[in-house]
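Contents: one structure, followed by commentary.
Number of protein chains: 2
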Amino acid sequence: MQSRVIIENVSPEIDGGRHFIKRIVGQPVNIQCVMLADGHEVLAGEISFKHEKEKNWKSSPIGLLQNDIWAGGFRVEKQGFYDYKIVGWVDAPLTWQHNIERKIKDNQHVNVELLDGLQYLTPLLKQVTKPEAKYLEKVIALFQSENDYKDAINEALSYQLESIFKTYPQKTFATTYDKKLRVYVDRQKAMFSSWYEFFPRSASKQIGKHGTFKDCEELMPRVAELGFDVVYFPPIHPIGIDHRKGKNNATTALPDDVGSPWAIGGTEGGHTDIHPQLGTLEDFKSLIKVAAEHNIELAMDYALQCSPNHPYVKKYPQWFKWRPDGTVQYAENPPKKYQDILPINFETEDWKNLWDELLSILMYWCNVGIKIFRVDNPHTKSFYFWEWAINEVKKKYPDTLFLAEAFTRPHVMHSLAKMGFSQSYTYYTWRNTKAELIQYMQEISNDIGNQYFRPNFWPNTPDINPYILQNGNQSLYMSRYFMAATLSSNYGMYGPVYEFIIHEPMQGKEEYYYSEKYEIKTWDWNYRNRMTDLIKRVNQIRKENPALQLTYNFINAPVQDEYIIAYLKQDESKTNNILCVVNMDPYNRRGANLQMPLSALGVPEGYPLLMHDLITGAKYIWTKEWNYVELSPELPFHLFRIERV
Amino acid sequence: MQSRVIIENVSPEIDGGRHFIKRIVGQPVNIQCVMLADGHEVLAGEISFKHEKEKNWKSSPIGLLQNDIWAGGFRVEKQGFYDYKIVGWVDAPLTWQHNIERKIKDNQHVNVELLDGLQYLTPLLKQVTKPEAKYLEKVIALFQSENDYKDAINEALSYQLESIFKTYPQKTFATTYDKKLRVYVDRQKAMFSSWYEFFPRSASKQIGKHGTFKDCEELMPRVAELGFDVVYFPPIHPIGIDHRKGKNNATTALPDDVGSPWAIGGTEGGHTDIHPQLGTLEDFKSLIKVAAEHNIELAMDYALQCSPNHPYVKKYPQWFKWRPDGTVQYAENPPKKYQDILPINFETEDWKNLWDELLSILMYWCNVGIKIFRVDNPHTKSFYFWEWAINEVKKKYPDTLFLAEAFTRPHVMHSLAKMGFSQSYTYYTWRNTKAELIQYMQEISNDIGNQYFRPNFWPNTPDINPYILQNGNQSLYMSRYFMAATLSSNYGMYGPVYEFIIHEPMQGKEEYYYSEKYEIKTWDWNYRNRMTDLIKRVNQIRKENPALQLTYNFINAPVQDEYIIAYLKQDESKTNNILCVVNMDPYNRRGANLQMPLSALGVPEGYPLLMHDLITGAKYIWTKEWNYVELSPELPFHLFRIERV
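Structure, rendered in structure tokens:
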């Protein structure tokens, strides 16, 4: 109770330390807090941090920003959890030096104060280096001498003495902030990834034929050429027969209908089995290997529901709900029914075995070589299960990443991210106007969510054929793609239908007509167009420019046209500066003045900047704050790297 | 782990539950939180609360406000601590009813669902009242009957059934929010008080004579006439001799100088002793009694420092700092020196005895009959000591209130309030312009501080003769007074000098020339003027109008003049509505249009409102949104009660 320092208002801090923040290897953790004490003394503090597998705490000082607000930070170097804490104390030696300085400047005689300082110098002799000890001994002698007052006060004020006090702080009665604070560190792909989704059963080159993993292997060069580094497959498991869905989500399937891959489980097995027509486990392992040779990781769908034919239904009937008439409860959101799948009852008394089994599925595929899971509808399964399962997987396989497919209310999406999901789908799909996009980017960038919620922007998915795309032309498809890939460091697209601008909707719905979810498609994988050219170029530029490997670095650049959006992205060091300019009007050439965010760039008006368009190769020199831009629907964007002239 | 509900973002919550919020008896505690769960089921929740001395928890339901945000509350009835917590669960019976309703509206056949409902009805039979049980038995029979389908579905959807489900909730796998949340409840005076400060040694009617408690007794009728309910005295203890301050803070006192009362302690005793010239303990008790007869409470100064002659210095040398030359360390903030007082060293190894002794001072005076302490410079003493001491006092004397005299940085002032101070001095003293006042009121009203920081507005104190008052005329003094008393439910003034507009400053400083802090004054206590008339009237109006008994109910009413400020204050029920209008220009008559805050008043434009000026008795009827007001410096305000015509 001799402590006098108060530490509070720590940020980042998620729900009082209930949840961890997230970083990738090499990123800084910047911390602010309020630190204060009674009186007028000099305070000092530090951040102590250590990786969970290290024994010793490291520390890094915090400094006063303004009125009682202190800041500091550290950099995370390894994957896994780091613990960190904030420690503060009334610094008696620094206070002594501060006070004696004020008195000396006020021409007060400080003989007694010099002697008073000995109590801080003498104990240091045991701690410091030899040269420092030599210096301290000299100062101690001066302080005690009656004849060297002038030299004594010079040394009392010396930077060298201050530096020794700061290097060997006397942390008397230190206060440690009492909440447990943690940061989880992922590999870089958690923050920077380019996803390509396609249905492996549509991978065959032969019309109407069920694709195989072998067919997929042959597509890897194409995916690599486009520049993606994650390929995500809808579920690859056996598909149920009972209540199988027909084309266009028909409740009755015809004999040759293949069903929705999300109706997992059949006589051939469940979540750890492979749909026989796709191939064998060996084929799958081979595909993972071929993909890796192209620097592509396979992401797998983890969809926790069962077709009525799933082996679990017989083996673990206690995991499902049963109705009074003896039938099993299928999935529903009344009045809607999803008869081809059964939900798992997380309230089952057998929850412990259930959790273990569900975890074992993840562990099985991790062992096979999968490191990325796209989790289907995680918001309809117990959040506490996710917290536990993700943590368990990462303990053994720290490279594993989880993308939460939850298109739902903001708090629900944030809650999942706090529980441990590495990435999350977002509302980008429905943010269409310039104003909506700017607001959304500022909202996600400034919210505390930027500490744990990593967006993944998708212009479309097999489930979502958004209204804006349903009548879109190639210009619109290009700009929606371009913005997803440059606003967000993580982005993805649902494959061939986007490149080939296939967008016929189910009448009045945001779904695809004759959706690939319910049938096999055959695509001309050799086809190339302006869209594929663009994808290839943008993915290449993303790899070369760290400014595009972060999401929360969005800075709006005002443009005097409601269809032209512009934004600056900067890497952490601010040496890589990318300015994107997009004409969101897919039908008209538009021109307007754009205001350069000069203060973010740290240059005055008049300073010449080389605007290097990385798409076209064109170069311009801009010297003014306001500059005219003009874009046609044929190539509706600039992607400028701002370079020194 | 079968729980599925997440509760987070609870407000109010101070530093993750580290500190309590504050209320006075009868006030509501309104709570919001985010509550959500996986899936689409119906959630329900409640706030559980109990007074620390009660055994059983009471509960009050929370309801959904919007997207995952829930709200509820309870009212505190007794002084002391209440604990409260938030509990939430997936409500299976309500979900069943919600789902069956959707299916019925979709014309689905729900026989099986009716039978499914029995699991929720049957267990209720044991809990409900007899009439409810009779009803439930009827419904159970209907659900099982094959011939009464129509009646069965009617009852399945019935409000009565829903009501029973809500009255007897089935809190399966409930989640309880894991932070400890508390509210401390004070008596009303914590929130609503009118302070009058004067120096008892200046209470004599004889020029130059040292006043006594007996003299003070004679002044109580005057204080009561003015309408104050707290009289605060600077310290009443013996005053030190060594380094005693002379007039105008001179470092050397003349033989007849009385010194600063804040230099506590002398040969006659310390903090539990009374300055002999003021009287005896019996005199003091008598004064407390006389004051009480006038509905006035005496507030005492608790100033934790010692003159060099304080008995503690000899008895407990370990509580002070000693210099290498054997002298004691006086108070200083280098280069400034305060030689007449010694600070207490809260870092002493003997801190336990120190804390006990300091607490015993409070307990001593509480026992004498004091219930209010004005604490001198609490921000230069250990904050953890305050937290402990205030709590200890309140355990035994729950009526006790503490006013923190800390005019310092915002975080420091807030930290003290969190530690338990009942009221706090504020920046009102330096908020001079209309814009500054509106901003300050909105800042303190909207900040989380409104849960624990209770402002006390003072236009002046013996320490502060603010620049704005130094050249002020009576109009300015009236408006500064008026705003303190109507903006804040707690306010105070430093006595006669304010009424008599005595404001000669120390050159260039915000201090009084020939300050009463260092000498005895003699005041003509019989003198009355427009200021005393005003004080009398305003204090009366404050007592009669609950809208003026709250501070965080400030609503700015726009006025088209930069010198006229107007604000609405409403009581909790919004039946008492006060509109204050102040001309802050002390030299000129000013008129302008004022916009009535109609939405806060809940009336449409055109609705006639009777504007009853409680100062002058004048009445006007306003029907428009914008109304013209005009005020002269002679009477620079309206204090309207808004009444029904």
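Protein sequence lines correspond, in order, to chains D and A. Sequential numbering of the first sequence, starting at -12, is according to the numbering used here. Sequential numbering of the second sequence, starting at -12, is according to the numbering used here. For each residue, glycine too, the CB sits at the ideal point set by N, CA and C.
C-beta atoms of residue i and residue j nearer than 8 Å
i: residue 534/A; j: residue 556/A; result: yes
i: residue 337/D; j: residue 373/D; result: no
i: residue 34/D; j: residue 49/D; result: yes
i: residue 633/D; j: residue 101/D; result: Outside the displayed range of chain D (-12 to 632) lies residue 633/D, so it cannot be described from this structure.
i: residue 4/A; j: residue 168/A; result: yes
i: residue 369/A; j: residue 2/D; result: no
i: residue 392/D; j: residue 414/D; result: no
i: residue 326/D; j: residue 238/D; result: yes
i: residue 483/A; j: residue 510/A; result: yes
i: residue 281/D; j: residue 207/D; result: yes
i: residue 516/D; j: residue 486/D; result: yes
i: residue 255/D; j: residue 225/D; result: yes
i: residue 29/A; j: residue 55/A; result: no
i: residue 352/A; j: residue 290/A; result: no
Contact set between residue i and chain D, taken where Cβ atoms lie within less than 8 Å
i: residue -7/A; result: 370 and 402
i: residue 311/A; result: 99, 102, 103 and 105
i: residue 557/A; result: Ordered by position in chain D, no residue passes the 8 Å Cβ test against residue 557/A, which lies about 31 Å from the chain.
Min CB distance residue i to chain A below 8 Å
i: residue 625/D; result: no
i: residue 90/D; result: yes
i: residue 399/D; result: yes
Partner residues on chain A for residue i, Cβ-Cβ distance less than 8 Å
i: residue 367/D; result: 25, 26 and 27
i: residue 320/D; result: 27
Contacts that residue i makes with chain D (C-beta to C-beta distance below 7 Å)
i: residue 52/A; result: Within chain D, no residue comes near residue 52/A; the closest Cβ sits about 12 Å away, beyond 7 Å.
i: residue 338/A; result: -12 and -11
i: residue 3/A; result: 3 and 166
i: residue 93/A; result: 322
Under 7 Å by beta carbon: chain A residues contacting residue i
i: residue 157/D; result: Those do not exist, as residue 157/D stays about 12 Å from chain A at its closest Cβ, beyond 7 Å.
i: residue 160/D; result: 334
Neighbour list for residue i in chain D, Cβ cutoff strictly below 9 Å
i: residue 396/A; result: 23, 54 and 55
Residues that residue i contacts on chain C, provided the C-beta gap is smaller than 8 Å
i: residue 86/A; result: You won't find chain C in this structure, because its protein chains are D and A.
Proximity test, Cβ basis, 8 Å: residue i and chain D
i: residue 334/A; result: yes
i: residue 440/A; result: no
**Request:** Only counting runs of 3 or more residues, tell me where the beta strand (DSSP E) segments fall wholly within the region 445 to 499 of chain D, in order along the chain.
**Result:** Whole beta strand (DSSP E) segments, 3+ residues: 477 to 481.
**Item:** the region 610 to 620 of chain A / the region 582 to 598 of chain A touching (three or more Cβ pairs under 8 Å)
**Value:** Touching, yes.
**Message:** Could you check whether the region 170 to 189 of chain A touches the region 214 to 225 of chain A, counting it as contact only if at least three pairs of C-beta atoms, one from each stretch, sit closer than 8 Å?
**Reply:** A contact between stretches requires three or more CB pairs, one per stretch, nearer than 8 Å, and the region 170 to 189 of chain A meets this requirement with the region 214 to 225 of chain A.
**Prompt:** Would the region 521 to 534 of chain D and the region 188 to 207 of chain D be scored as touching if the rule is three or more Cβ pairs under 8 Å?
**Reply:** Counting Cβ pairs under 8 Å, fewer than three are found: no touch.
**Request:** Just list the alpha helix (DSSP H) runs in the region 124 to 178 of chain A, keeping only unbroken ones of 4 residues or longer that don't cross its boundaries, in chain order.
**Result:** Every unbroken stretch of the alpha helix (DSSP H) spanning 4 or more residues and falling wholly within the region 124 to 178 of chain A is given here in chain order: 136 to 143 and 146 to 154.
**Asked** At a cut of 8 Å, does the region 71 to 82 of chain D reach the region -10 to 9 of chain D through at least three beta carbon pairs?
**Response** Yes, they touch.
**Contained beta strand (DSSP E) runs [length at least 3] in the region 218 to 302 of chain D, N- to C-terminal order** = Entirely contained in the region 218 to 302 of chain D, the beta strand (DSSP E) runs reaching 3 residues are, in chain order, 284 to 289.
**Prompt:** Given 8 Å as the limit, is there contact between the region 566 to 586 of chain A and the region 617 to 626 of chain A, that is, 3 or more CB pairs closer than that?
**Reply:** Between the region 566 to 586 of chain A and the region 617 to 626 of chain A, the count of Cβ pairs shorter than 8 Å is three or higher; the stretches touch.
**Prompt:** Any chance the region 230 to 245 of chain D sits against the region 502 to 517 of chain D, with 3 or more Cβ pairs inside 8 Å?
**Reply:** Taking one beta carbon from each stretch, the region 230 to 245 of chain D and the region 502 to 517 of chain D have 3 or more pairs nearer than 8 Å; the two touch.
**Request:** Would you mind listing the alpha helix (DSSP H) stretches within the region 55 to 136 of chain D that are 4+ residues and don't spill past its ends, in chain order?
**Result:** Complete alpha helix (DSSP H) runs here, min 4: 79 to 92, 98 to 108 and 117 to 131.
**Request:** Determine, using beta-carbon pairs with one atom in the region 415 to 434 of chain A and one in the region 462 to 476 of chain A, whether at least three such pairs fall under 8 Å.
**Result:** Look at the beta carbons and you see the region 415 to 434 of chain A touching the region 462 to 476 of chain A: at least three pairs across the two are nearer than 8 Å.
**Request:** Report yes or no: do the region 115 to 128 of chain D and the region 39 to 47 of chain D share at least 3 C-beta pairs separated by less than 8 Å?
**Result:** Judged by Cβ distances under 8 Å, the region 115 to 128 of chain D makes no contact with the region 39 to 47 of chain D, as fewer than three pairs qualify.
**Request:** Determine, using beta-carbon pairs with one atom in the region 297 to 312 of chain D and one in the region 329 to 336 of chain D, whether at least three such pairs fall under 8 Å.
**Result:** The region 297 to 312 of chain D vs the region 329 to 336 of chain D: in contact.
**Request:** Assess, as a yes-or-no matter, whether the region 187 to 197 of chain D is touched by the region 87 to 102 of chain D under the definition of 3 or more beta carbon pairs within less than 8 Å.
**Result:** No: the two stretches stay apart, fewer than three of their Cβ pairs being nearer than 8 Å.
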